[in-house]
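A.B. asks: Can you read through this structure? Questions will come right after.
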DNA sequence: CTCCAGGGCAAAT
DNA sequence: ATTTGCCATGGA
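Residue numbers (my numbering): 233 to 503.
Now the structure itself:
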């Protein structure tokens, strides 16, 4: 959903329903944002700033997290190696849910392929200097999609059904980020999401972590998480729930960040 | 060929 | 209340 060119992020988003193309570049101690396409005014510029702060989690003080990591025998290296890395969130809850349903039980490479097809077929886009910048499909668009069409794009029948029914929940305003945020606590949010077909505990926690940025939302059972915990000798058995719970007990308040860093540790190092 | 990927559901124990 | 079969596909 974004491109990186010359060490700058290019991303198209909707701000107040209007498409805007952003370029985010790094300077010494601040970010420089350019609006490449769109009609900026004060209100839009301000909303863009809020969006980026939310998206890249820029308001969070990571020092307490690095303190916690540095005390951990196996993970202390991360405070150095991944210094400054923040959770890249998915502000659009609908997108987060579609992605987590898509990614269920298949390898990530294939999951990315499916998402690309979904975005290219149903999403809008901005064209700028002969390049296309995609915007994730609206729930309204996917609510009207034909499940057979998703099936032909190699979504499983169940995933096609789940995604379209989730889109309909959004389209009929039975589900939204605002509705979830209005609930009293994490448990209530998990419960509401899990009442939807296709959303189990993993999907609920993933979406809550990525979109609502719940700091204690742990995607228990996640294949990548378990693999990373094994690699770091934090657990010896993927089925040993006690070891896993004990680990997250130590990381209380920063569970999501630890998961995010563990996932990052699995990524192939460039070069 | 088999196993497993950033799971969840429904049927069968 | 737990376990199992199934979904779809591709890489190891």
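Note that CB positions come from ideal geometry on N, CA and C, so glycine has one too.
Since the model is a prediction, treat every value here as computed from it, not as a measurement.
(1) Could you pull out every residue in the same chain whose Cβ sits closer than 8 Å to the Cβ of residue 467, ignoring the five residues on either side in sequence?
(2) Got a sec, what are the start and stop residues for the alpha helix (DSSP H) residue 274 sits in?
(3) Whole angstroms is fine: what's the gap from residue 495's alpha carbon to residue 352's?
(4) What residues in its chain sit with their C-beta under 7 Å from that of residue 246, if we drop five residues either side in the sequence?
(5) Nearest-angstrom Cα distance between residue 393 and residue 414?
(6) At what residues does the beta strand (DSSP E) containing residue 251 begin and finish?
(7) What are the start and end residues of the beta strand (DSSP E) that includes residue 537?
(8) Which stretch, first to last residue, makes up the alpha helix (DSSP H) that contains residue 412?
(9) Between which two residues does the alpha helix (DSSP H) containing residue 351 stretch?
(10) Within 10 angstroms of the Cβ of residue 293, are there 16 or more other Cβ atoms? Answer buried if so, exposed if not.
(11) Classify residue 503: buried if its beta carbon has 16 or more other beta carbons within 10 angstroms, exposed otherwise.
(12) Could you check which residue in 305, 313, 251 has the C-alpha nearest to that of residue 370?
(13) Name the DSSP beta bridge partners of residue 240, please?
(14) Should the region 297 to 309 be regarded as contacting the region 426 to 440, the criterion being three or more beta carbon pairs within less than 8 Å?
(15) Can you check which of these residues, 262, 257, 288, is closest to residue 317 by C-alpha distance?
(16) Sorted by chain position, which residues of the same chain lie with C-beta nearer than 8 Å to residue 390's C-beta, five sequence neighbours on each side aside?
(17) Around the C-beta of residue 285, are 16 or more other C-beta atoms found within 10 angstroms, so that it is buried, or is it exposed?
(18) Between which two residues does the alpha helix (DSSP H) containing residue 373 stretch?
(19) What three-state label does DSSP hand residue 443 in the structure shown?
(20) Using 8 Å as the threshold, is the C-beta distance between residue 358 and residue 436 below it?
(21) Please identify the residue among 336, 301, 254 whose C-alpha is closest to the C-alpha of residue 365.
(22) Which class does residue 361 belong to by DSSP, given the choice of helix, strand or coil?
(23) Using 10 angstroms around the beta-carbon of residue 376, count the other beta-carbons present and answer buried if the total reaches 16, otherwise exposed.
(24) Hey, how far is the Cα of residue 453 from the Cα of residue 342?
(25) State buried or exposed for residue 309, treating a residue as buried only when at least 16 other CB atoms are found within 10 Å of its CB.
C.D. replies: This is what the structure holds:
(1) 458, 461, 475, 476, 479
(2) 274 to 287
(3) 27 Å
(4) 367
(5) 27 Å
(6) 250 to 258
(7) What the structure shows of the chain is the stretch from 233 to 503, and residue 537 is not part of that stretch, so it cannot be assessed.
(8) 409 to 413
(9) 340 to 354
(10) exposed
(11) Residue confidence for residue 503 is low, a pLDDT of 37 falling below 50, so the modelled location carries little weight and cannot support an answer.
(12) 251
(13) 237, 257
(14) no
(15) 288
(16) 430
(17) exposed
(18) 371 to 375
(19) coil
(20) no
(21) 254
(22) coil
(23) exposed
(24) 20 Å
(25) exposed
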